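Below is one structure, written out as structure tokens, with a few remarks after it.
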Amino acid sequence: MVRSGQLGHGSDFGARISAAGYDWQVAGENVASGQPTARAVVAAWMASEEHCQTILNPGFRNVGTGEVPQPVPGVSRRPATWTEDFGLLMDNRPLSRDARPASACPYH
């Protein structure tokens, strides 16, 4: 995102995570640029209904988070850029189906 100057999930999120070797049945992603700390980006995501619902989705069992200290040019002048990917492997079952916490998004 920093190199391309575009904040987003790319042209084919599913193909990208499959190419990384993740054998998934369900996946989601949150991206952000301009929050200087992990605390700040999580607070921003939890204040957004869609991002909050992704974080609290009971169907995901795996999560990976990445950060680069540069902002996405044209999106923010403040560091950093963040990606948080969520998934459920093909042969796994969700640990819960309780969507009640996600139905209360956003959390402020």
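112 is the number of the first residue of the sequence shown in the numbering used here; add one for each residue after it. Every residue, glycine too, gets a C-beta built ideally from N, C-alpha and C. Source: prediction; values computed, not measured.
Problem - 6 Å Cβ shell around THR176 - same chain, five flanking residues per side excluded - result: GLU195
Practice task
Select from ALA126, GLU161 and PRO182 the residue whose C-alpha is nearest the C-alpha of GLY116.
Solution key: PRO182
Problem - Rounded straight-line distance, which links the Cα of PRO190 to that of ALA151 - result: 11 Å
Exercise for the section: Look at the Cβ atom of VAL142, then the Cβ atom of LEU167, and state whether they are nearer than 8 Å. Expected result: no
Handout entry: Option in GLY132, GLU160, LEU206 and GLY139 with minimal Cα separation from GLY121
Key = GLY139
Exercise for the section: Quick one: residues in its chain with C-beta nearer than 6 Å to the C-beta of ASN173, no 5 flanking neighbours on either side, listed in chain order? Expected result: GLY198
Handout entry: Where SER214 sits in the DSSP three-state scheme
Key = helix
Handout entry: Cα-Cα separation, GLY170 to GLY145
Key = 29 Å
Problem - Backbone secondary structure at ALA158 - three-state DSSP - result: coil
Handout entry: SER129 - containing alpha helix (DSSP H), residue span
Key = 124-130
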